[in-house]
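Enquirer:
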Amino acid sequence: MEPLVVEVTRGDVVEARHVIHAVAVRDGRVELAAGDPGLVTYLRSSAKPLQALPVARARPDLDDEQVALARASHGASPGQLAVVRRTLAAAPATEDDLRCGVGAERIEHNCSGKHAGRIALCRAAGWPIEGYRLAGHTCQRAMLAEVAEVAAVAEVDPASIAIGVDGCGVPTFALTLERCAHAFARLRSREAGERVVRAMRGHPQLLEAPVGSDVLLMRTLDGWVAKGGAEGLMCVASPDGLGLAIEVSDGSFRAIVPVLVEALERLGVETSALPLPEVSNSNGEVVGALRIVPAAGR
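Counting from 1, position 171 in the sequence shown corresponds to residue 192 in this note's numbering; the numbering is continuous, with no gaps.
1. When DSSP labels each residue in this structure, what does T292 get in the three-state scheme?
2. Among residues of its own chain, excluding the 5 on either side of D57, which ones have a beta-carbon nearer than 7 Å to its beta-carbon?
3. Per DSSP, K248 forms a beta bridge with which residues?
4. Using CA atoms only, rank isn't needed, just tell me which of A195, I140, G223 and E286 is closest to A251.
5. For the beta strand (DSSP E) that L263 lies in, which residues bound it at each end?
6. By the 10 Å Cβ neighbour count, where 16 or more other Cβ atoms means buried, how is V76 classified, buried or exposed?
7. When the distance is taken between beta carbons, is A141 closer than 8 Å to R80?
8. Considering only residues of the same chain and omitting the five flanking positions on each side of H224, which have a CB-CB separation below 6 Å?
9. Would DSSP call A45 helix, strand or coil?
10. Considering Cα atoms alone, identify which of P260, L263, E215 and V300 is closest to P279.
11. Runs of 4 residues minimum, wholly inside the region 71-134: which ones carry the alpha helix (DSSP H) assignment?
12. Tell me whether A183 sits in a helix, a strand or coil according to DSSP, three-state version.
13. My output table needs one value for I150: the three-state DSSP class, helix, strand or coil.
14. Taking just the CA atoms, how far does L60 sit from H158?
15. Would you mind reading off the limits of the beta strand (DSSP E) that contains P192?
16. Alpha helix (DSSP H) containing L281: first to last residue?
17. Per DSSP, what kind of secondary structure is L228 in: helix, strand or coil?
18. With DSSP as the reference, please indicate the residues paired to V300 in a beta bridge.
19. Just the Cα atoms here: how many angstroms apart are T193 and R65?
20. Using DSSP with H/G/I as helix, E/B as strand and the rest coil, what is E170?
21. Just checking, does the region 233-242 make contact with the region 281-299 on the three C-beta pairs under 8 Å criterion?
22. Can you tell me whether E167 is buried or exposed, with buried defined as 16 or more other CB within 10 angstroms of its CB?
23. Could you spell out the range, first to last residue, of the alpha helix (DSSP H) harbouring E212?
24. Check H39 in the structure and name its three-state DSSP category.
25. Within the same chain, show all residues whose beta-carbon is closer than 8 Å to that of R120, passing over the 5 residues directly before and after it, in chain order.
26. From V114 to L102, what does the alpha carbon distance come to, in whole angstroms?
27. Looking only at C-alpha atoms, which of G305, G185, S94 and L165 sits nearest to P179?
28. Rounded to a whole number of angstroms, what is the C-alpha to C-alpha distance between V282 and G264?
29. Starting from R31, trace the alpha helix (DSSP H) both ways and give me its first and last residue.
30. I'd like to know whether the C-beta atoms of I313 and V27 end up nearer to each other than 8 Å.
31. Of the choices L254, L71, D261 and E291, whose alpha-carbon is the least far from that of I277?
32. Considering Cα atoms alone, identify which of S181, R275 and P149 is closest to G249.
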């Protein structure tokens, strides 16, 4: 099937076009595909709910706010940073132990909750926290094993997964879009999966950041969870075991919501409550639109 295309108009002129690949999976079966389900992409921050699972299992003392921040790409609000500091205190660790930046601003990095959670995991497992962010550390090997297993270990060998370095300095893992969707479809069924989902849905204010299509979806669709990753990736899971992965080829997040609406409607999901984005100016005036068009219109 051809990929989806989102056109961005300003007035009567098409100003930009975004090409998108998408795949939906349930019970290991592909239920919807647009473009290339075998497209390989780095999970980036979309891996956070999957990688929060070992933290939630190892640290039952952490509350739902702390579990939520362990999978957040937060906006450094005072309330969000307060929860990160609570996680560090519980680990125990200090802001100086974080390795998601340098200097005092590292606590404000959008991945500081994830890093604090991994330090807490190291403390519980008896692993050293020195070098916790590096690919050779036991913590990161555990993260790779978790991603490989939830993506279906019978078909994904951890040794075959391409590894890069994420923006916050930890390893990031590459999967096909179909495996990304499969992993999210299985999120709830994993040990501690329901706890992670409950934390995500119960504290959306802790997850909000400047780009928040995932939080918008969770606030709008009952029971659904979502996590965006850098460069235009969005991974979504329904309450009844459907996984959906979307990748915008040029990395633009503005095309995500129109594609979410299109894909979910094709799957029979009611999306009327999910607001479509508009092109507006600094006076709040609507001056354009985003719309799905046939791939042949590229």
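From the three backbone atoms N, C-alpha and C, an ideal C-beta is built for every residue, glycine too.
Expert: Let me spell this out:
1. Looking at T292 - three-state DSSP - the assignment turns out to be coil, as it is neither helix nor strand.
2. Contacts found: H42.
3. DSSP lists C256 as the bridge partner or partners of K248.
4. Among A195, I140, G223 and E286, the Cα nearest to that of A251 is on A195.
5. L263 -> beta strand (DSSP E) spans L263 to V269.
6. V76 should be labelled buried.
7. It is a contact, given that the beta carbons lie within the stated cut-off.
8. Cβ within range, chain order: E86 and A89.
9. Looking at A45 - three-state DSSP - the assignment turns out to be strand.
10. Checked all of P260, L263, E215 and V300; the closest Cα to P279 is V300.
11. Scanning the region 71-134 for uninterrupted alpha helix (DSSP H) segments of 4 residues or longer gives 85-91 and 99-111, listed from N- to C-terminal end.
12. Looking at A183 - three-state DSSP - the assignment turns out to be coil, as it is neither helix nor strand.
13. Correct three-state label for I150: coil.
14. Each residue's alpha carbon lies about 29 Å from the other.
15. Element bounds for P192: P192 to T197.
16. Segment I277 to R287, the alpha helix (DSSP H) holding L281.
17. L228: coil per DSSP, three-state reduction.
18. G309.
19. Their Cα atoms are separated by approximately 6 Å.
20. In the structure shown, E170 falls within a helical segment according to DSSP collapsed to helix, strand and coil.
21. The region 233-242 vs the region 281-299: in contact.
22. Buried is the label assigned to E167, since at least 16 other Cβ atoms lie within 10 Å of its Cβ.
23. E212 -> no alpha helix (DSSP H), and no H or E assigned at all.
24. The answer is strand: DSSP assigns H39 an E or B state.
25. Excluding residues within five positions, the ones whose Cβ falls inside 8 Å are R127, H136, Y153, R154 and G190.
26. According to the sequence shown, residue 114 is Ala rather than Val. A114 and L102: Cα-Cα distance of roughly 15 Å.
27. Selection G305, G185, S94 and L165 evaluated against P179 yields L165 as nearest (Cα-Cα).
28. Near 15 Å, if we compare the C-alpha coordinates of G264 and V282.
29. Counting along the chain, no alpha helix (DSSP H) covers R31; the unbroken beta strand (DSSP E) around it starts and ends at L25 to R31.
30. Taking 8 Å as the Cβ cut-off, I313 and V27 qualify as a contacting pair.
31. Each of L254, L71, D261 and E291 was checked against the Cα of I277, and the nearest Cα belongs to L254.
32. Closest in alpha carbon position to G249, among S181, R275 and P149, is R275.
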